[in-house]
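Engineer: Once you've had a glance at the structure underneath, I'll fire off some questions.
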Amino acid sequence: MPKIKEPKKLRKAAKDLLRLINKAVRDIEGANIYPRGNVYLDKVLLGLLSKGFLVAKAVCILVLNDLAEEAFGLSRTLVEISLIGRYLINKQTKNQMEVRAVRYTHYYAKVYSEWLKRAKRHYPSLKPGRNKSHKEFLRKARKYRSPYHWTLPPPTKQQRKLLGTNVSMMAKELDQHEQIGGIPIKWEFDYDWIYFWTSQYVHSTAWALNSHAVELRHPFRIHSNKSLDKNVPGLALFNAAIYLNKLLITVYRGLGHDQPKVIMDKLGDLLKRM
């Protein structure tokens, strides 16, 4: 993994990535891409791309303001967005991709139904207003066993043991589009290593308190041991750049569009410098 330690190089990398993000957003918006009205896949992929750009931008801003651990934790969101995009298009036909995109979208109804349950539990005297699609949402919500997962689990016990469920499954599924040496790739490293590592900072486990611990015979100070996480700022920026790169490839492949060459070339150059 890259280690951008010097403050000047670190700030330059953050500013370079931020400028590239802003340029990419202008170029993509200038291309006037219209999602097909009757296709869920287009709208979902473009929504993920929009969210991905904003998260990557936030990571840069946090690093520039010396909030590296928070930037590193936030980069997990970009890992997950990339994994979702990859899973959505990890089929041979557009119809199969569309089935996954519909399931992803209809999970909105499951969240809606969960809000109603929680409102009834915590605010029993409150009568929340109903969405105009209330009945339709409740019907769609029944498709989902868990309020926390939108994916369908693998069909057999053996496959569930092999692939896991939800994010693990999305990462370990054999790729339908890319191969190395004739063998379909997996995103197992992205899940086992990067997602797990960044999760420590998202969930504030004891691991995430390394640089916040009070040293013996020293008074308490906020974030007093920054040196213990000296590599985190560079890693956060690298995560933002690499998963934005992966997301762009995934989205344009799913839309059936050519990748934006200028943006991809500049992002590739930045990654090499990192």
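With positions in the sequence shown counted from 1, the corresponding number in the numbering used here is that position plus 13. Don't be surprised by glycine CBs; every beta carbon is placed ideally from N, CA and C. Computed from a predicted structure; not experimentally measured.
Output the distance between the C-alpha atoms of Ala-69 and Trp-200, rounded to the nearest integer angstrom.
Structural biologist: Between Ala-69 and Trp-200, the alpha-carbon positions lie close to 20 Å from each other.
Engineer: Cβ of His-225 less than 9 Å from any chain C Cβ?
Structural biologist: No chain C appears in this structure, which consists of one protein chain only.
Engineer: Residues in the same chain with beta-carbon distance under 7 Å from Ser-126, minus the five sequence neighbours each way, listed in chain order, please.
Structural biologist: Phe-150, Leu-151 and Ala-154
Engineer: Does the stretch 155 to 163 come within contact of the stretch 188 to 195, defined as at least 3 CB pairs closer than 8 Å?
Structural biologist: no
Engineer: Which partner residues of Gln-192 appear in the DSSP bridge assignment?
Structural biologist: Pro-197
Engineer: Nearest CA to the CA of Ile-276: which residue from Leu-33, Lys-25 and Lys-28?
Structural biologist: Leu-33
Engineer: If you draw a straight line from the alpha carbon of Trp-206 to that of Asp-282, how long is it in whole angstroms?
Structural biologist: 24 Å
Engineer: Quick one: residues in its chain with C-beta nearer than 7 Å to the C-beta of Leu-31, no 5 flanking neighbours on either side, listed in chain order?
Structural biologist: Lys-70 and Cys-73
Engineer: How would you label Pro-246, buried or exposed, when you count the other beta carbons within 10 angstroms and need 16 or more for buried?
Structural biologist: buried
Engineer: So what's Ile-17 in DSSP terms, helix, strand or just coil?
Structural biologist: Residue placement at Ile-17 cannot be trusted, given a pLDDT of 48 that sits under 50; what the coordinates show is reported in the next sentence. Correct three-state label for Ile-17: coil.
Engineer: Using DSSP with H/G/I as helix, E/B as strand and the rest coil, what is Glu-93?
Structural biologist: In the displayed model, Glu-93 falls within a helix according to three-state DSSP.
Engineer: From Ile-17 to Leu-284, what does the alpha carbon distance come to, in whole angstroms?
Structural biologist: Its pLDDT being 48, under 50, Ile-17 is placed unreliably by the model, and nothing is read from it.
Engineer: May I ask which residues mark the beginning and end of the alpha helix (DSSP H) holding Met-183?
Structural biologist: First-last of the alpha helix (DSSP H) with Met-183: 180 to 185.
Engineer: Output the distance between the C-alpha atoms of His-236 and Tyr-157, rounded to the nearest integer angstrom.
Structural biologist: The C-alpha of Tyr-157 is placed about 42 Å away from the C-alpha of His-236.
Engineer: How many angstroms separate the CA atom of Leu-59 from the CA atom of Gly-142?
Structural biologist: 30 Å
Engineer: Applying the 10 Å Cβ sphere with the 16-neighbour rule, what's the burial state of Asp-79?
Structural biologist: exposed
Engineer: When you compare each of Lys-145, Leu-257, Tyr-53 and Thr-178 to Ser-88 by their alpha carbons, which one comes out closest?
Structural biologist: From the listed residues Lys-145, Leu-257, Tyr-53 and Thr-178, the smallest Cα separation to Ser-88 is found for Leu-257.
Engineer: Going by beta carbon distance, what residues of the same chain come within less than 7 Å of Ala-253, once the five residues before and after it are set aside?
Structural biologist: Leu-30, Ala-69, Val-72, Cys-73, Ser-88 and Leu-91
Engineer: Return yes when the Cβ of Val-57 is within less than 9 Å of the Cβ of Thr-118, no when it is not.
Structural biologist: Yes, the pair counts as a contact, with Cβ atoms nearer than the cut-off.
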